[in-house]
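Taking it in order: structure first as structure tokens, then the write-up.
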Amino acid sequence: MTEQVAQLDSGYDPNKDPSNPIFEPTRRSIQALIDNGEIAGRRLAREASVNETAFNHFLNQKLGTGTRFDRVVDRLNTWLETRERRIAAQAEYPDSPTFCMTQTSNKIMEVLMYAHHAPDMAVIHGAAGAGKTETAREYVRNNAGVCLATISNATSTVHQSLREIGKCLGIKNAASKAALFDTICDELAQTRGLLIIDEAHELSPVSVDQIRHIHDRAGVGVVLMGNDQVYSNMTGGRSAAYLDRVYSRVGMWHSIKKSSSADIEQLLDVWNISDAASRKELRQVAAKPGALRLMGKIIRLARMLAGDAVMEVKHIRAARRRSGKAAA
3 MTEQVAQLDS GYDPNKDPSN PIFEPTRRSI QALIDNGEIA GRRLAREASV NETAFNHFLN
63 QKLGTGTRFD RVVDRLNTWL ETRERRIAAQ AEYPDSPTFC MTQTSNKIME VLMYAHHAPD
123 MAVIHGAAGA GKTETAREYV RNNAGVCLAT ISNATSTVHQ SLREIGKCLG IKNAASKAAL
183 FDTICDELAQ TRGLLIIDEA HELSPVSVDQ IRHIHDRAGV GVVLMGNDQV YSNMTGGRSA
243 AYLDRVYSRV GMWHSIKKSS SADIEQLLDV WNISDAASRK ELRQVAAKPG ALRLMGKIIR
303 LARMLAGDAV MEVKHIRAAR RRSGKAAA
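Here the sequence shown is numbered in my numbering, starting from 3 and rising by one per residue.
Now the structure itself:
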């Protein structure tokens with residue numbers, strides 16, 4: 003019995019004693035991960051759904067007020083087991099190849115470069131899974147001062163979309179929507195940057211016009227990127243008349259109807275898929291909605307199913323069945 007526990011008025015309860023020897027293996031495992039810099043203690047506690055104070059008391063072997071450390075340990079052990087399963091699964095699941103400059107990606111890059119250096123507004127719209135987002139990310143990696151903000155239904159309003167752009171630029175705690183807009187414009191103007199809005203079809207018409215104001219005020223390039231609704235909102239329907247001032251500012255439009263056959267062949271080469279039967283099967287996958295993105299997912303799943311064996315067309319077909327994307 004430890005000296006701390008001896009001082010408890012309510013008597014000794016091993017489940018409330020952080021120094022209980024049966025907890026030591028868990029404590030050592032957790033402490034080693036933190037000491038090695040693999041994860042911060044606060045994040046680990048949050049992921050394990052453990053109260054941060056109780057977590058710190060456990061690590062430091064400090065008595066808590068009625069804390070059931072056996073329950074803390076149960077949650078931490080569950081977290082450790084989940085981590086081990088995740089590591090094992092990731093080892094089996096092949097990594098995707100690094101970015102591949104396909105024919106379509108090259109055209110997207112040209113639009114991004116034009117908007118950046120003109121500087122001007124541009125719109126890239128069309129098929130899902132053709133490489134728009136990955137190409138934009140590659141442009142961000144290789145160019146200074148580029149902000150890529152992704153919009154969702156939850157961030158479609160003026161204020162929320164400005165907050166997404168602000169997060170990309172490292173802007174926090176703006177006093178008001180107007181102050182946030184001013185700071186965004188100042189940051190972009192100073193860096194002579196480029197603002198890329200991904201999933202721009204989610205924006206409300208007034209939010210699109212607010213982004214047009216950023217272009218006017220900061221004098222920087224802006225690219226709106228998303229599905230065909232980005233284009234149709236400006237050219238037809240109820241929003242068109244309101245967005246005419248945006249439409250008139252767009253200096254370059256690029257429409258992607260589908261992934262080209264050259265894109266598909268290029269990616270099959272990057273994945274080192276050489277046998278004719280497998281390539282034929284994967285061309286069928288790439289012809290479906292989602293195109294290159296879907297093809298990559300099927301290849302990764304097929305390689306996982308193949309294990310140590312060479313991936314064959316039977317593994318690709320099995321992956322299609324397993325994923326629910328089997329041929330009709």
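Even for Gly, the Cβ is constructed at its ideal location relative to N, Cα and C. Nothing here was measured: the structure is a model prediction, and the numbers come from that model.
Just how far apart, CA to CA, sit residue i and residue j?
i           : j           : result
residue 296 : residue 325 : 10 angstroms
residue 209 : residue 271 : 41 angstroms
residue 92  : residue 211 : 43 angstroms
residue 74  : residue 114 : 50 angstroms
residue 129 : residue 298 : 16 angstroms
residue 331 : residue 41  : This structure does not reach residue 331, given that the chain is present from 3 up to 330, and the question cannot be answered.
residue 284 : residue 87  : 30 angstroms
residue 224 : residue 215 : 10 angstroms
residue 308 : residue 279 : 16 angstroms
residue 291 : residue 322 : 14 angstroms
residue 236 : residue 246 : 7 angstroms
residue 10  : residue 65  : With a pLDDT of 49 at residue 10, under the threshold of 50, the predicted position of this residue should be treated as unreliable, and no value is reported.
residue 139 : residue 152 : 11 angstroms
residue 56  : residue 31  : 17 angstroms
residue 176 : residue 94  : 45 angstroms
Taking its Cβ as the centre, do 16 or more other Cβ atoms sit within 10 Å of residue i, making it buried, or is it exposed?
i           : result
residue 19  : buried
residue 127 : buried
residue 312 : exposed
residue 89  : exposed
residue 239 : exposed
residue 119 : exposed
residue 305 : buried
residue 23  : exposed
residue 155 : exposed
residue 146 : exposed
residue 51  : exposed
Specify the secondary structure class of residue i as computed by DSSP and reduced to three states.
i           : result
residue 171 : coil
residue 100 : coil
residue 222 : coil
residue 150 : strand
residue 81  : helix
residue 10  : The predicted model places residue 10 with a pLDDT of 49, which falls under 50 and marks its position as unreliable, so this point remains unresolved.
residue 24  : helix
residue 300 : helix
residue 43  : helix
residue 313 : coil
residue 74  : helix
Name the residue from the options whose alpha carbon lies nearest to the alpha carbon of residue i.
i           : options            : result
residue 132 : 256, 218, 175      : 256
residue 159 : 202, 138, 250      : 202
residue 34  : 286, 305, 61       : 61
residue 180 : 172, 193, 171, 164 : 164
residue 259 : 230, 244, 253      : 230
residue 219 : 188, 83, 31        : 188
residue 111 : 100, 134, 94, 273  : 134
Quiz item: Can you list, in chain order, the stretches of the beta strand (DSSP E) that have 3 or more residues and sit fully within the segment 223 to 263?
Solution: 223 to 228, 252 to 258
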